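Letter 7 of the sequence shown, counting from 1, is numbered 17 in the numbering used here, and no numbers are missing. Here a beta-carbon is modelled for each residue, glycine too, at the ideal position from N, C-alpha and C. Note that the structure is predicted; figures quoted are calculated from it, not measured.
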Amino acid sequence: ARNSEGRVIMYADKITESMQMAIDETKRRRALQIAYNEEHGITPTTVIKSRDKIMGQTKVADSKKNAKVYAEPMPGESQLAADPVVQYLSKEKLEKLIAQTQKQMEKAAKELNFMEAARLRDEWQSQKSRLEELKRGPGKS
Numbered sequence: 011a012r013n014s015e016g017r018v019i020m021y022a023d024k025i026t027e028s029m030q031m032a033i034d035e036t037k038r039r040r041a042l043q044i045a046y047n048e049e050h051g052i053t054p055t056t057v058i059k060s061r062d063k064i065m066g067q068t069k070v071a072d073s074k075k076n077a078k079v080y081a082e083p084m085p086g087e088s089q090l091a092a093d094p095v096v097q098y099l100s101k102e103k104l105e106k107l108i109a110q111t112q113k114q115m116e117k118a119a120k121e122l123n124f125m126e127a128a129r130l131r132d133e134w135q136s137q138k139s140r141l142e143e144l145k146r147g148p149g150k151s
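Right under this line is the structure:
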């Protein structure tokens, strides 16, 4: 048993039909389990696991394997320095890159990879800034 002394506390003004069905099904399964245990000489005991073992079996622990290091850029540091090719893209190609980066950012956020989403957000903002520079024309700030 996960916890041999485990209990469920349900709060409600009245027992609904679905609650009663769940209670009845639990009682039925428990009766079958007790009969099986008695027939085979099994005494239920609480499962005891270390915290590390439990954490190792969770999705949260799995996400740490894929964690990436992310460092905030220093104030004034150009994001474009990380990808100098962006400086030489045409408006059309830069617009496509911006859309692609936005999709990647949204995908990372949906997958709860917030560090990657933040990195992509910064990249996306830099790309948008570069596009605005291109639209203003050379030498205009």
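Alpha-carbon spacing of residue i relative to residue j, whole angstroms
{"i": "K113", "j": "M29", "result": "43 Å"}
{"i": "A109", "j": "K63", "result": "42 Å"}
{"i": "L144", "j": "L107", "result": "14 Å"}
{"i": "D23", "j": "E35", "result": "21 Å"}
{"i": "A118", "j": "T55", "result": "42 Å"}
{"i": "V57", "j": "R17", "result": "15 Å"}
{"i": "S88", "j": "F124", "result": "Only weak support is given to the placement of S88: the predicted model assigns it a pLDDT of 46, under 50, and the value that follows is read from those uncertain coordinates. Spanning the two alpha carbons is a distance of roughly 22 Å."}
{"i": "G51", "j": "I44", "result": "10 Å"}
{"i": "E133", "j": "I33", "result": "54 Å"}
{"i": "K101", "j": "R129", "result": "22 Å"}
{"i": "K37", "j": "N13", "result": "16 Å"}
{"i": "E3", "j": "E142", "result": "Outside the modelled stretch of the chain, which goes from 11 to 151, sits residue 3, for which no answer is possible."}
{"i": "E49", "j": "L42", "result": "11 Å"}
{"i": "M20", "j": "E121", "result": "33 Å"}
Boundaries (first-last residue) of the alpha helix (DSSP H) holding residue i
{"i": "S136", "result": "F124 to R146"}
{"i": "Y46", "result": "E27 to H50"}
{"i": "Q110", "result": "K101 to K120"}
Distance between beta carbons of residue j and residue i, contact taken as under 8 Å
{"i": "R146", "j": "Q97", "result": "15 Å between Cβ atoms; not a contact."}
Option in the options with minimal Cα separation from residue i
{"i": "K138", "options": "E105, L122, M115 and E121", "result": "E105"}
{"i": "E15", "options": "E102, T53, T26 and R129", "result": "T53"}
{"i": "P94", "options": "I19, S136, S60 and E27", "result": "S136"}
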